[in-house]
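Heads up, the thing below is written out as structure tokens.
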Amino acid sequence: MSEKEIDQVTGVETTGHTWDGNLKELNKPLPKWWLYTFYVCVIWAIGYWILYPAWPTLNGYTKGVLGYNQRAVVTEEVKAAKADQAKYFEQITAKSLEEITQDQELLPFVMAGGAAVFGDNCGPCHGKGAQGAVGYPNLNDDDWLWGGTLDAIHQTILYGIRSGHDEARDMAMPKFGRDEILQPAQIADIAQYVLSLSGKAADDAMAQRGKDLFAENCAACHGDDGKGNIELGAPNLTDGIWLYGGTPEHIAKSIETGRGGVMPSWSGRLDPATIKMLTVYVHSLGGGK
Amino acid sequence: MTMIKRASDIVPQTMAQEAAPGIERIDVKAVASKEARETYASRQKIYPKLAHGTFRKVKWIVMAVTLGIYYLLPWIRWDRGPNLPDQAFLLDFAHQRLFFGPIEIWAQELYFITGILIFSALGLFLVTSLAGRMWCGYTCPQTVWTDLMVVVERFWQGDRNARIRLDNSPWTFEKIWKKTATHITWVLVALATGGALVFYFRDAPTLAMELVSGDAPTIAYVFLGVFTGTTYLLGGIAREQVCIYMCPWPRIQGAMFDRDSLLITYRDFRGEPRGPHKKGQTWEERGDCIDCKACVAVCPMGIDIRDGAQLECIQCALCIDACDEIMTKVGRPTGLVAYDTFRNLEAEAHHERAPMNFVRPRTILYSAAMAAVVGLMLYAWLNRTILEVNILHHRNPVYVEMTDGGLRNRYTVKILNKLHDVRTYQLAMEGLQGAEMTILGFKEADPKINVATDNLRALNVLVTVPKADRAKLNGEATHFDFIITDTADGKRLTHEATFWAPKNE
Chain F
1 MSEKEIDQVT GVETTGHTWD GNLKELNKPL PKWWLYTFYV CVIWAIGYWI LYPAWPTLNG
61 YTKGVLGYNQ RAVVTEEVKA AKADQAKYFE QITAKSLEEI TQDQELLPFV MAGGAAVFGD
121 NCGPCHGKGA QGAVGYPNLN DDDWLWGGTL DAIHQTILYG IRSGHDEARD MAMPKFGRDE
181 ILQPAQIADI AQYVLSLSGK AADDAMAQRG KDLFAENCAA CHGDDGKGNI ELGAPNLTDG
241 IWLYGGTPEH IAKSIETGRG GVMPSWSGRL DPATIKMLTV YVHSLGGGK
Chain V
1001 MTMIKRASDI VPQTMAQEAA PGIERIDVKA VASKEARETY ASRQKIYPKL AHGTFRKVKW
1061 IVMAVTLGIY YLLPWIRWDR GPNLPDQAFL LDFAHQRLFF GPIEIWAQEL YFITGILIFS
1121 ALGLFLVTSL AGRMWCGYTC PQTVWTDLMV VVERFWQGDR NARIRLDNSP WTFEKIWKKT
1181 ATHITWVLVA LATGGALVFY FRDAPTLAME LVSGDAPTIA YVFLGVFTGT TYLLGGIARE
1241 QVCIYMCPWP RIQGAMFDRD SLLITYRDFR GEPRGPHKKG QTWEERGDCI DCKACVAVCP
1301 MGIDIRDGAQ LECIQCALCI DACDEIMTKV GRPTGLVAYD TFRNLEAEAH HERAPMNFVR
1361 PRTILYSAAM AAVVGLMLYA WLNRTILEVN ILHHRNPVYV EMTDGGLRNR YTVKILNKLH
1421 DVRTYQLAME GLQGAEMTIL GFKEADPKIN VATDNLRALN VLVTVPKADR AKLNGEATHF
1481 DFIITDTADG KRLTHEATFW APKNE
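What follows is the structure in structure tokens.
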């Protein structure tokens, strides 16, 4: 430190600080507009601390005299949004599924809401676009295990498939191989026959043997012609749509282990109006009957 | 009153020296002159003296026209029929529209605004390269409002000398009421300015009533306050500092000037050597500048034009008026300070004249760019459709196999009706053999689709190609057209779409 002095080169006062013996700093004050803005910000900050939540304390934070709380604001906003939606939900509750599909005013809300609910709840298994996966049906096509009418879809969503709910659709395919009902050679024969049902190339001799075995073991559920039975959740075996794969190996595997996919029941998880919304949405995907 | 503390530096002395017989030598220091320019200096208040002359008259007219347009435009009505605003110029944020007379621009057409802004910027470049900072000197809001605030100041406190005297006087009753009246008038002007701005965003007569009764939206009050505050601060108090310290344009404009640009110039070949002129003294062997400093006294930027071209000069031409008045009085030709080019200035120094040269590569380039923007905008405007259709193919899943072996694709067809009445459309397909179309929500075969006024309707469309016709598909991707027909006038709009099939199809 040394005394303040006037720098001889510039004629400006120094700050009085000296470094390395002879380095001095000119006293160049901040622009006033900058300084005043800074002071205003300081005052603003103090006001902010008083009015709004600001400082962490040992067991929480300073609440601020306005009692402002972002979470409360969000809760309020969600509440307001729900209140705005209420009139739609009332209509959905009051109307039948069929009526909803004909209501041009209500339908855009139902479709948008259905898509959102589907993405959150159904997408993990059926895919975001309901495109399905092995073991999880594609909901865009017109092939339905348990029926594709509005009421059938509604019931499936409400109670699920083999979900343990009392009302759930519960039929399952026997484990023909695991439970030693059929021998591996017989299973291979049936697989060839099933393949021939959908018009695919198959071993004639095996298919011929399989035909009788099919009539004895499979026709009870899948029907004599293999067209399935939606009452029992037995799929149509004559089309080109295969939930578990359509190669001889895949078909044989299905016969050996049996099939019985599980879908949870959504009654109790989603409210009735939301489930109706979801039903109309799934029905609209293209396969609805 | 921090802004007046340095006024003592420029107080006129009672016994002012004469610059020429009968002409006062104004004791004024150009506060922003070359020598006075310092990075860390407190602002010294400038007391612009009222100028008289051609350019001052032009500036009054420009001020009246620009402020008139600004304050009055929102009040002009334009009948657009029912359900539409009848304000000629309205920026309707709620409906994302811009109304300007018969023109209506939607949010997705904002490129028209972009085009206008680009055109304006290029126009600014062109004018600057031709005649310098015309924008700054005559039409910039900062210049116009500062000028207006100075008018207010002059009305209550008098011209330059009276204002300086008032600032230097102690706080008497006269000083207090004059200052108070000035600031109140400034705030009223600012309030009118901020008020005019919010009227551009909401029906003006309605909003005016709401503002008075206290029913206006909060945001209207906020912006009214913000613009009142900034107008008062920038026009009344900050003034030339905005141009010198805040505005980027003075920095950029240097790139637009060249040796042929008309700039306000002190013609030193005529003026130097300067000095007071005594009665009967010859004008030989001396310059015409009598160093009366009239040019400095009228300058709203506080500069001395005789320092040459400088960033601080907004080229408002008031120094031309001031100097011309003096030159006429002393019987010398006017135009000692005038619009001139650097090229001519150099030529005159050798007693030659350089002709004006308006057609130069840069002016040609700016003009060509402006023409290109206008052409592009005109093309876009003429080809603008009032019916817009967008078709989205669902990609999740890309296609669906049906139980009967048919193949289905799903599309969202969005129809946007920009007209102000309900329109009915019909949707058809062309170029996809055997395909069937179902529109969700419609049972009939060829449904009439109503689209509400100013509205968008999204349709879920299923297109199915039966098994028998799958062989006719063009491999993985088959192109076809959706045709949207307006049932009212039979106008058709064709939109291409693609039908997707499995890879081995």
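Respectively, the protein sequence lines represent chains F and V.
In terms of the working numbering, the first sequence is residues 1 to 289.
In terms of the working numbering, the second sequence is residues 1001 to 1505.
For each residue, glycine too, the CB sits at the ideal point set by N, CA and C.
These figures come from a predicted structure and were not determined experimentally.
Taken atom to atom, the span from the alpha-carbon of residue 1359 of chain V to that of residue 1177 of chain V is near 55 Å. Straight through space, the alpha carbons of residue 1386 of chain V and residue 247 of chain F are spaced by roughly 53 Å. By the rule that beta-carbons nearer than 9 Å mark a contact, residue 108 of chain F touches chain V. If you draw a straight line from the Cα of residue 1483 of chain V to the Cα of residue 1490 of chain V, it comes to about 11 Å. Listed along chain V is no residue with a C-beta nearer than 9 Å to that of residue 7 of chain F; the closest approach is about 14 Å. In the structure shown, the three-state DSSP call for residue 29 of chain F is coil. The three-state secondary structure of residue 130 of chain F, taken from DSSP, is coil. Using a Cβ-Cβ cut-off of 7 Å, residue 217 of chain F is close to nothing in chain V; its nearest Cβ partner there is about 24 Å away. Runs of the alpha helix (DSSP H) spanning 4 or more residues and lying entirely within the region 1227 to 1256 of chain V occur at 1249 to 1253, in chain order.
Listed in chain order, the positions of the region 134 to 165 of chain F with a beta carbon within less than 8 Å of a beta carbon of chain V are 138, 140, 141, 142, 143. Along the length of the region 103 to 171 of chain F, whole alpha helix (DSSP H) runs at least 4 residues long occupy 107 to 121, 123 to 126, 150 to 159, reported in chain order. Taking a beta-carbon distance threshold of 9 Å, residue 32 of chain F counts as an interface residue toward chain V.
For residue 1057 of chain V, the enclosing alpha helix (DSSP H) covers residues 1054 to 1072. Judged by DSSP in its simplified three-state form, residue 23 of chain F adopts strand. Relative to residue 161 of chain F, the option among F:261, F:124, F:273, F:245 whose CA is nearest is F:261.
For residue 1298 of chain V against residue 1317 of chain V, the beta-carbon gap comes to about 10 Å, at or over 8 Å, which does not count as contact. Boundaries of the alpha helix (DSSP H) harbouring residue 204 of chain F: 204 to 217, taken from the DSSP string. Secondary structure note for residue 1472 of chain V: it is in no alpha helix (DSSP H), with a DSSP letter that is neither H nor E. The beta carbon of residue 1438 of chain V is closer than 6 Å to those of 1462 in its chain, skipping five residues each way along the sequence.
Secondary structure of residue 1487 of chain V (DSSP, three-state): coil. The region 1361 to 1369 of chain V and the region 1090 to 1098 of chain V do not touch, with fewer than 3 CB-CB distances between them shorter than 8 Å. The beta carbons of residue 1135 of chain V and residue 1231 of chain V sit no closer together than 9 Å. Against chain V, a Cβ distance below 7 Å from residue 236 of chain F picks out 1403.
Under the three-state reduction of DSSP output, residue 56 of chain F falls in the strand class. Inter-segment contact for the region 1449 to 1457 of chain V and the region 1419 to 1432 of chain V is present: three or more beta-carbon pairs are separated by less than 8 Å. Chain-order list of chain F residues neighbouring residue 1042 of chain V: 32, by C-beta distance under 9 Å.
By the neighbour-count criterion, in which a residue is buried when 16 or more other Cβ atoms sit within 10 angstroms of its Cβ, residue 1326 of chain V is buried. Taken in chain order, the whole alpha helix (DSSP H) runs of length 4 or more contained in the region 1285 to 1354 of chain V are 1294 to 1298, 1318 to 1330, 1342 to 1349. Scanning the region 1147 to 1206 of chain V for uninterrupted alpha helix (DSSP H) segments of 4 residues or longer gives 1160 to 1168, 1173 to 1199, listed from N- to C-terminal end. With fewer than 16 other beta carbons inside 10 angstroms of its own, residue 1479 of chain V counts as exposed. At a cut-off of 9 Å between beta-carbon atoms, residue 1229 of chain V makes no contact with chain F.
The contact set of residue 284 of chain F on chain V, defined by CB atoms closer than 9 Å, consists of 1440, 1441, 1460 in chain order.
Of all residues in the region 232 to 263 of chain F, only 236, 239, 240, 241 come within less than 8 Å of chain V when Cβ atoms are compared, listed by chain position. For residue 277 of chain F, no CB of chain V lies under 9 Å from its own CB, so it is not counted at the interface with that chain. The shortest C-alpha to C-alpha distance from residue 138 of chain F to any of F:225, F:195, F:281, F:243 is the one to F:243.
Among the residues facing chain V, residue 104 of chain F is included, as its CB has a counterpart in that chain under 9 Å away.
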